[in-house]
């Protein structure tokens, strides 16, 4: 429901400027479907690898949650979709479109990334813990930058929605790492072994940062391909 409301608001704001909804990428259905499926798969694969590594380092396995059922799945799916649509249509929708138009791609995307990082201080409720605030800002801000770049380069909100949704679905719904508690898979051990400093770095920093860099590289490569195709 929230997604429909925000799309309607975006449409209204664009109509005031006499511009279509295609200005934020609700067009070219075949291309957008490919972008959506690609983004969903890429982000889901990275998130899956992250949790496989966590289990490997902590010497535990993942097992099915016996309490997980269709109702839990539907509720979790709805929550994940709503939260992603809310964040993407706020941070990578009309406002980013206008920021890029007024400030340019680089400054517009940086502003969006900074706002996304600061937003998570509020959504995570971590004010007062400076170290945690810095970590969350860098992590979510860099993720937000990748999503902003994917919007700018694809000229559509569809790709960032897919990347964000793929990551969140695997993280929260599949591996139960989020505000919804136990979901599809849970740890086979009540208290897994703690990760070492190096293992924490690999799973909590290296994996997310690698995802951001690969998304940036792929999006840039795609844009250069289309530019060459246009010139030819």
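Numbering (the working numbering), first residue to last: 4 to 235. Ideal Cβ positions, reconstructed from N, Cα and C, are used throughout, including at glycine. All figures in this text were calculated on a predicted structure; none of them were measured in a lab.
### Query
Where DSSP assigns a beta bridge to residue 66, which residues make up the other side?
189
#### Entry: Whether residue 89 touches residue 119 by CB criterion (8 angstroms)
no
### Query
In chain order, which beta strand (DSSP E) runs of at least 3 residues are fully inside the stretch 20–82?
65–67
### Message
Quick check on residue 156: buried or exposed, where buried means 16 or more other Cβ atoms within 10 Å of its Cβ?
### Response
buried
### Message
Quick check: what's the CA-CA separation for residue 38 versus residue 165?
### Response
8 angstroms
### Query
Count the other CB atoms within 10 Å of the CB of residue 111; is the residue buried (16 or more) or exposed (fewer)?
buried
### Query
If you run the structure through DSSP and keep just helix, strand and coil, what is residue 235?
Here the model assigns residue 235 a pLDDT of 45, short of 50, so the residue's position is not dependable, and the following value carries that caveat. Note: residue 235 maps to coil in three-state DSSP.
### Query
Are residue 26 and residue 100 close, meaning C-beta to C-beta below 8 angstroms?
yes
### Query
Out of curiosity, what's the CA-to-CA distance linking residue 130 and residue 162?
31 angstroms
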